[in-house]
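Visitor: Chains P and L are the protein sequences, given in the same order.
For the first sequence, the working numbering gives the first residue as 1, with consecutive numbering after it.
For the second sequence, the working numbering gives the first residue as 1, with consecutive numbering after it.
Note that beta-carbon positions come from the ideal geometry of N, C-alpha and C, so glycine has one too.
Let me begin by handing over the structure; questions about it come next.
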Amino acid sequence: AQSVTQPDIHITVSEGASLELRCNYSYGATPYLFWYVQSPGQGLQLLLKYFSGDTLVQGIKGFEAEFKRSQSSFNLRKPSVHWSDAAEYFCAVGASFGNEKLTFGTGTRLTIIP
Amino acid sequence: DTAVSQTPKYLVTQMGNDKSIKCEQNLGHDTMYWYKQDSKKFLKIMFSYNNKELIINETVPNRFSPKSPDKAHLNLHINSLELGDSAVYFCASSLTSGGSYEQYFGPGTRLTVT
Chain P
1 AQSVTQPDIH ITVSEGASLE LRCNYSYGAT PYLFWYVQSP GQGLQLLLKY
51 FSGDTLVQGI KGFEAEFKRS QSSFNLRKPS VHWSDAAEYF CAVGASFGNE
101 KLTFGTGTRL TIIP
Chain L
1 DTAVSQTPKY LVTQMGNDKS IKCEQNLGHD TMYWYKQDSK KFLKIMFSYN
51 NKELIINETV PNRFSPKSPD KAHLNLHINS LELGDSAVYF CASSLTSGGS
101 YEQYFGPGTR LTVT
């Protein structure tokens with residue numbers, strides 16, 4: 001069965017600082033990987049996805065993530081965070097069949113300090 | 001022109017009541033999902049429908065009954081509501097027939113059972 005681990009429950013960074021959110025997955029084949037963001041009281045917005053090909057993927061809002069098969073990781077990065085990036089971030093893995101469920105990590109809450 | 005919409009946004013009801021949540025997507029997707037997000041923000045799949053056919057039914061009490069009248073709609077009916085049903089319920093959709101598989105989420109329905 002697939003699983004996702006987000007080891008950091010809560011991260012605080014200063015505005016303008018760089019950010020890296022960690023995600024490790026467990027899946028027997030090549031996974032489909034996603035990062036979603038959830039602002040307070042809102043739904044989930046897709047930031048980026050990895051299906052195949054280039055292991056460094058670019059997303060919206062200046063985010064990027066790198067797929068490392070050897071480490072079973074898909075960490076999310078941003079070179080300079082903005083106060084509006086404060087939110088909950090979820091990593092998810094999907095089976096490579098397409099219409100399968102997404103298995104989510106427990107989320108990382110990002111706080112931005114001025 | 002909302003992509004995935006849910007009604008109602010908030011639902012407050014008493015134990016033992018029966019309630020429904022509706023979901024509609026205008027993306028032309030062929031697969032729709034219901035997820036439950038608990039008070040700790042953990043997201044878990046409940047059901048998935050592909051072309052109106054149930055394909056995922058996780059371990060969910062049979063008080064929960066999904067219905068998909070057509071590809072664009074997926075409703076969730078809950079009988080005999082319990083305190084533990086209080087959560088945010090998210091509908092999502094994806095295009096899995098030759099599509100890109102990412103799931104688009106609705107804004108959520110916050111259900112409070114008193």
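Is it the case that the region 22-39 of chain P contacts the region 8-25 of chain L, given that we only count it when at least three CB pairs across the two stretches are under 8 Å?
Guide: No: the two stretches stay apart, fewer than three of their Cβ pairs being nearer than 8 Å.
Visitor: Starting from the C-beta of residue 46 of chain L, find all residues in its chain whose C-beta is less than 7 Å away, skip the five residues before and the five after it, and write them out in chain order.
Guide: Closer than 7 Å at Cβ, skipping near neighbours: 34, 35, 36, 58, 60 and 64.
Visitor: Check the Cβ of residue 101 of chain P against every Cβ in chain L and list those closer than 8 Å, keeping chain order.
Guide: What residue 101 of chain P touches in chain L: 33, 45, 48, 56 and 58.
Visitor: List the residues of chain L that residue 42 of chain P touches, going by C-beta distances under 7 Å, in chain order.
Guide: Per Cβ cutoff of 7 Å: 107.
Visitor: Give me the chain P residues within the contact set of residue 102 of chain L, using Cβ-Cβ distance strictly less than 7 Å, ordered along the chain.
Guide: 34, 46 and 49, listed in chain order.
Visitor: Mapping the DSSP letters down to three states, classify residue 72 of chain P as helix, strand or coil.
Guide: Three-state DSSP puts residue 72 of chain P in coil, outside helix and strand.
Visitor: For residue 3 of chain L and residue 81 of chain L, what's the separation of their Cα atoms in angstroms?
Guide: Cα to Cα, the separation comes out at about 29 Å.
Visitor: Give the interface partners of residue 149 of chain P over in chain L, defined as CB-CB distance under 7 Å, in chain order.
Guide: Because chain P is modelled from 1 through 114, residue 149 of chain P falls outside the range shown and cannot be assessed.
Visitor: Give me whichever residues DSSP pairs with residue 92 of chain P in a beta bridge.
Guide: Beta-bridge pairing links residue 92 of chain P to P/34 and P/104.
Visitor: When the cut-off is 9 Å and only beta carbons count, does residue 90 of chain L lie next to chain P?
Guide: Yes - at least one Cβ of chain P is within 9 Å of the one on residue 90 of chain L.
Visitor: Indicate whether at least one CB of chain L lies closer than 9 Å to the CB of residue 58 of chain P.
Guide: No, residue 58 of chain P lies away from the interface with chain L (no Cβ there is under 9 Å from its Cβ).
Visitor: Following the continuous beta strand (DSSP E) through residue 55 of chain P, name the residue where it begins and the one where it ends.
Guide: Neither: residue 55 of chain P is in no beta strand (DSSP E) and is coded neither H nor E.
Visitor: Three-state secondary structure (DSSP) at residue 80 of chain P?
Guide: Looking at residue 80 of chain P - three-state DSSP - the assignment turns out to be coil, as it is neither helix nor strand.
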